Amino acid sequence: MQLPTQTWGRPDSERSLLLLHGLSSTAGAWWRVASTLAAEGWTVTAPDLRGHGRAPRTVNYDLRAYRNDVLALRPAAPGPWDVVVGHSLGGATTVHAAAADPQWARAVLLLDPVINLADPMRDKMIKEIQADIRRTDPGDYMSGPRPWHQEDAWQRVLANRAVSDYVIESSLRANVPWSFGDLLLSVKAPVRVLGADPARGLAIFTAEEAESLAAGSTPLSFDVVAGAGHSIHRDDPERVIDEVRTLHERGLG
């Protein structure tokens, strides 16, 4: 499937970044991360994943299909992406793609990725996400202890209007069992994982999960982003930007 993309920065930049959004979101969710790094000289690309935003609809939401879609995305310059960032479902998609093709990404940054998902949690997530996409007032996302930026709130509402119950349920039920720890360990590129703060509610990727996986993968590193919920790129975009810079500066990207 050919995915619609948004791009920021000069196409001839020596530094390339691919951003993959989570379930029920769109490429527009990356606006702060993308525009900041583009101003620093990166070429940034973010697609709408299948069934989301402006992307085509389909009957197939298997992660292998998501994987094949994003593997077709390549930087303008020859070679792999310097860094690929994947959030939630986008994180699982990133793992599938990086494991399938070691030449696709030089370094990987995962934001609260969905790597393991038990059946009861899957059912809970389907109900919660389907309820969330019915929120049409940006103000709903601009209140509480850590309100979102107003542009994030508007982008969220636009994304809600462009996704369906079918896409959400199909994406989560088409991949059983949802257990991709071994696949993550097979990724050759260095992997950095940022987890949500458990104090903010449900953290999808936990410190315990990171500890278990890190025992079998030297390149894997993990940290919790204090004060950030599941949408780390919305709650703390500066941290995500810094992590991308660090991956590249260390020669991993």
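Note that the working numbering has the sequence shown beginning at 260, numbered continuously upward.
In this text, a Cβ means the ideal position worked out from N, Cα and C, and glycines have one as well.
Only a predicted model underlies this, so the values are computations on that prediction, with no experimental measurement involved.
#### Entry: L278, DSSP secondary structure in three states
Along the sequence shown, one-based indexing puts residue 278 at 19. Strand at L278.
### Message
Measuring only the C-alpha atoms, how far is I374 from H507?
### Response
Indexing the sequence shown from 1 puts residue 374 at position 115. Indexing the sequence shown from 1 puts residue 507 at position 248. In a straight line, the C-alpha of I374 is about 24 Å away from that of H507.
### Query
Under the DSSP definition of a beta bridge, which residues are partnered with S237?
No answer is possible for residue 237: it lies beyond the span of the chain, which begins at 260 and ends at 512.
### Task
Check whether the Cβ atoms of V484 and R498 sit closer than 8 Å, and answer yes or no.
Mapped onto the sequence shown, residue 484 falls at position 225. Mapped onto the sequence shown, residue 498 falls at position 239. In this structure, R498 lies closer than 8 Å to V484 by Cβ.
#### Entry: DSSP three-state assignment for A433, whether helix, strand or coil
Walking along the sequence shown from the start, residue 433 turns up at place 174. Reduced to three states, the DSSP call for A433 is coil.
### Task
Go ahead and label T353 buried or exposed: buried means 16 or more other beta carbons lie within 10 angstroms of its beta carbon, across all protein chains shown.
Indexing the sequence shown from 1 puts residue 353 at position 94. Under this definition T353 is a buried residue.
### Message
Extract the residue ranges of the beta strand (DSSP E) inside the region 406-486, only unbroken runs of 3 or more that lie entirely within it.
### Response
450-454, 479-483
### Task
Give the DSSP-derived three-state secondary structure of N319 in the structure shown.
Against the sequence shown, residue 319 aligns to sequence position 60. Coil at N319, not helix or strand.
### Paired residues, beta bridge with N233 - DSSP
No answer is possible for residue 233: it lies beyond the span of the chain, which begins at 260 and ends at 512.
### Distance, P334 Cα to L276 Cα
Walking along the sequence shown from the start, residue 276 turns up at place 17. Walking along the sequence shown from the start, residue 334 turns up at place 75. Answer to the nearest angstrom: the Cα atoms are 8 Å apart.
### Query
Using 8 Å as the Cβ pair cut-off and three pairs as the minimum, do the region 309-325 and the region 412-422 touch?
yes
### Query
For the beta strand (DSSP E) that I305 lies in, which residues bound it at each end?
If you number the sequence shown from 1, residue 305 lands on position 46. Sequence check: residue 305 is Ala here, not Ile. Counting along the chain, the beta strand (DSSP E) containing A305 begins and ends at 301-306.
#### Entry: Neighbour-count burial assignment, Q409, 16 or more Cβ in a 10 Å radius
By 1-based counting over the sequence shown, the position of residue 409 is 150. Per the 10 Å Cβ criterion, exposed.
### Task
Note down, in chain order, each residue of its chain lying with its Cβ closer than 6 Å to the Cβ of R291, except the 5 sequence neighbours on either side.
Looking up residue 291 in the sequence shown gives position 32. Only P496 meet the Cβ criterion.
### Task
Keeping to the same chain, check which residues put their C-beta closer than 8 Å to that of D396; ignore five residues upstream and five downstream.
What you label residue 396 is simply residue 137 of the sequence shown in a count that begins at 1. Cβ within range, chain order: V416.
### Task
State buried or exposed for R274, treating a residue as buried only when at least 16 other CB atoms are found within 10 Å of its CB.
For the purposes of this step, residue 274 is identified with residue 15 of the sequence shown, where counting begins at 1. Label assigned to R274: buried.
### Query
Going by DSSP, which residues form a beta bridge with Q265?
Residue mapping note: residue 265 aligns to position 6 of the sequence shown, counting from 1. For Q265, which the question treats as bridged, DSSP gives the partners A305.
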